[in-house]
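Residue numbers (this note's numbering), protein chains in the order written: chain A, -12 to 128; chain B, -12 to 128; chain C, -12 to 128; chain D, -12 to 128. Idealized CB from N, CA, C, for every residue including glycine. These numbers come from a predicted model, not from an experiment.
There are 4 protein chains.
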Amino acid sequence: MPTDLDLAGEFDWEPAFHDCDPMGVVWHGHYFKYLEHARCALLRRFDYDYPQMQASGWLWPVVDARIKYVRPLRYAQPLKIRAEIVEWENRLRLNYRIHDAQSGEKLTSAFTIQVAVHPVSGQMQYVCPAVLWQKLGVLPA
Amino acid sequence: MPTDLDLAGEFDWEPAFHDCDPMGVVWHGHYFKYLEHARCALLRRFDYDYPQMQASGWLWPVVDARIKYVRPLRYAQPLKIRAEIVEWENRLRLNYRIHDAQSGEKLTSAFTIQVAVHPVSGQMQYVCPAVLWQKLGVLPA
Amino acid sequence: MPTDLDLAGEFDWEPAFHDCDPMGVVWHGHYFKYLEHARCALLRRFDYDYPQMQASGWLWPVVDARIKYVRPLRYAQPLKIRAEIVEWENRLRLNYRIHDAQSGEKLTSAFTIQVAVHPVSGQMQYVCPAVLWQKLGVLPA
Amino acid sequence: MPTDLDLAGEFDWEPAFHDCDPMGVVWHGHYFKYLEHARCALLRRFDYDYPQMQASGWLWPVVDARIKYVRPLRYAQPLKIRAEIVEWENRLRLNYRIHDAQSGEKLTSAFTIQVAVHPVSGQMQYVCPAVLWQKLGVLPA
């Protein structure tokens, strides 16, 4: 079974000027782009990023998300975005933490939940398809 | 004291092409723009939108947000976005619901929580400043 | 043949907070979203917006664009965005002008050029497909 | 005087899923974010990125931009974005080219023009302030 390290990854990022609002900090909705950068980088390591999801015959829309903004993010601030797969049986849940790369201070915590949807029927799956487990190298309970 | 109707508002919206992703639906992070349209329209009614917030000497960053994606949003789909102020004592919380304008089907539910921050000290306020109550026409408990 | 009025339309808009940058004005790249709002509203009038383009068997990617930023756009500033179809024979060109809705002052001018592309072959068409002319009610020279 | 190499830089990039539209390619307006990544990386090398511009007492809004979309950009496609400063006397002009990192194929060409604006008076400068030349290590004609 995978250890924590196997299912987590860290992504370096620096906020762009076009993501900063008149308060001089990253606008709260743009964080989801940063989380996606980290999520895709992690899933790519397992050969199950968006193109492979589609090729496997499943869509994986985000159905639930939460984000806590602990401290603002600033233009060009070096960040570490940690993404970790924490559920894979019935749904794919990732937890995220954004840290200042220099001080290590925690700036944000978040999660996203995705479920498998059949592209033709639009039917949501209540158990994740086996391809996810094969890709991640995990076993359901 | 305000009734429910006093602190809620509805906003008409149709998703743009540039908000739709390769799955043909609105990308999940863009919803926060739609919520902001509805929140600003509501707060403007109380003369306490972003410019008035700033003029009142307070910043109101979003510190927490959750969103549940019940059904996808599609290009040019007529939507009703309902925003309602449900907390104002210690923090400003709004609940949101997005409905299909024609069928009335619920497509999304969400909330955002904002707190007052002093722009110079950066100090977060644990009780909302009185200006919020005056603008909303509410009394703290 | 159409007169100028037939092939132009005006769209009301107010910039959102999330489109404003740390200088307090709309970030220059977001203007293309505003132009798209006006372009789609106009093309919808001719029953040839994105969905109808796709249904007609053609893609219409933007292949060239220019924008001159005369005066900044500000948060919640009431705007008139005028879009006008000025070429339709070999390519679809629209000119745009953004004005302040109150003063009438010109704030922006721009154009976009789209060409028809066959979705399977990817072949760019050097003459616009006849469906465009039928939808617009125009004749090629 | 600087040679071509001195005033140009290259930036690696891969389009994100959230930048791709229902046609499966990067939506045309998002390119300006990519150009900004390359421009900021280049200007940072000269210690004259946004924060240093502001500290120098000048704003540098983009007043003119053009972009030619030669070939579409696709999700996760490795790109090289080349930015080059080609005018600095009366205005700051950069030319851009986006290439496929593997094949070298040219995908996009563009330019942006910025002018110095005094932040208090809002007065546009018809000659670039000397700080730009000092930072870039160039001389006006």
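- Three or more Cβ pairs drawn from the stretch 42 to 57 of chain C and the stretch 43 to 63 of chain D lie within less than 8 Å of each other, which places the two stretches in contact.
- A distance below 6 Å between beta-carbons, with the five flanking residues on each side excluded, links S43 of chain B to the following residues of its chain, in chain order: V118.
- With respect to chain B, the C-beta atom of E23 of chain C has a partner C-beta closer than 7 Å.
- Judged by their CB atoms, A88 of chain B and L81 of chain B are not nearer to each other than the 7 Å cut-off.
- For Y113 of chain D, the closest C-alpha among the options D:I85, D:D6, D:W75 is that of D:W75.
- Within the same chain, Cβ atoms closer than 7 Å to the Cβ of K93 of chain A are found at V57, R84, H86, the five residues on either side in sequence being excluded.
- Taking a beta-carbon distance threshold of 7 Å, F33 of chain D does not count as an interface residue toward chain A.
- Identification of residues in the stretch 28 to 55 of chain D having a C-beta nearer than 9 Å to some C-beta of chain C yields Y37, Q41, L46, P48, V49, V50, D51, A52, R53, I54, K55, given in sequence order.
- Contact check for I72 of chain C and L126 of chain C: beta-carbon distance about 14 Å, past the 8 Å limit, so the pair fails to qualify.
- For P9 of chain A, the closest Cβ of chain C is nearer than 7 Å.
- For R26 of chain B, the enclosing alpha helix (DSSP H) stretches over residues 18 to 32.
- Exposure of D(-1) of chain A is indicated by the presence of fewer than 16 other C-beta atoms within 10 angstroms of its C-beta.
- Straight-line spacing of the CA atoms in K20 of chain A and E23 of chain B works out to 17 Å.
- Judged by beta-carbon spacing, I54 of chain C lies beyond the 7 Å limit of A103 of chain D, meaning their Cβ atoms are not closer than that value.
- Against Y62 of chain A, the close residues of chain D are Y37, P38, in the order they occur along the chain (beta-carbon pairs closer than 8 Å).
- With contacts defined by Cβ atoms closer than 7 Å, H5 of chain D and W120 of chain B do not form a contacting pair.
- Judged by beta-carbon spacing, K122 of chain D lies beyond the 7 Å limit of D8 of chain D, meaning their Cβ atoms are not closer than that value.
- Interface with chain A (7 Å Cβ-Cβ cutoff): H86 of chain C is excluded.
- In this structure, the beta-carbon distance from L79 of chain D to Q110 of chain D does not fall below 7 Å.
- With a cutoff of 7 Å on beta-carbon distance, E1 of chain C and A63 of chain C are scored as near each other.
- Contacts between F4 of chain D and chain A, judged by CB atoms closer than 7 Å, involve E23, C27, Y37 in chain order.
- Out of D:Y37, D:H17, D:V12, the CA that lies nearest to the CA of P38 of chain A is found in D:V12.
- Taken in chain order, the whole alpha helix (DSSP H) runs of length 4 or more contained in the stretch 39 to 110 of chain D number zero.
- According to DSSP, residue pairing for W0 of chain A in a beta bridge involves A:L66.
- For W14 of chain B, no alpha helix (DSSP H) segment is defined, and its DSSP state is neither H nor E.
- Counted as a single uninterrupted DSSP element, the alpha helix (DSSP H) harbouring L123 of chain C occupies residues 117 to 123.
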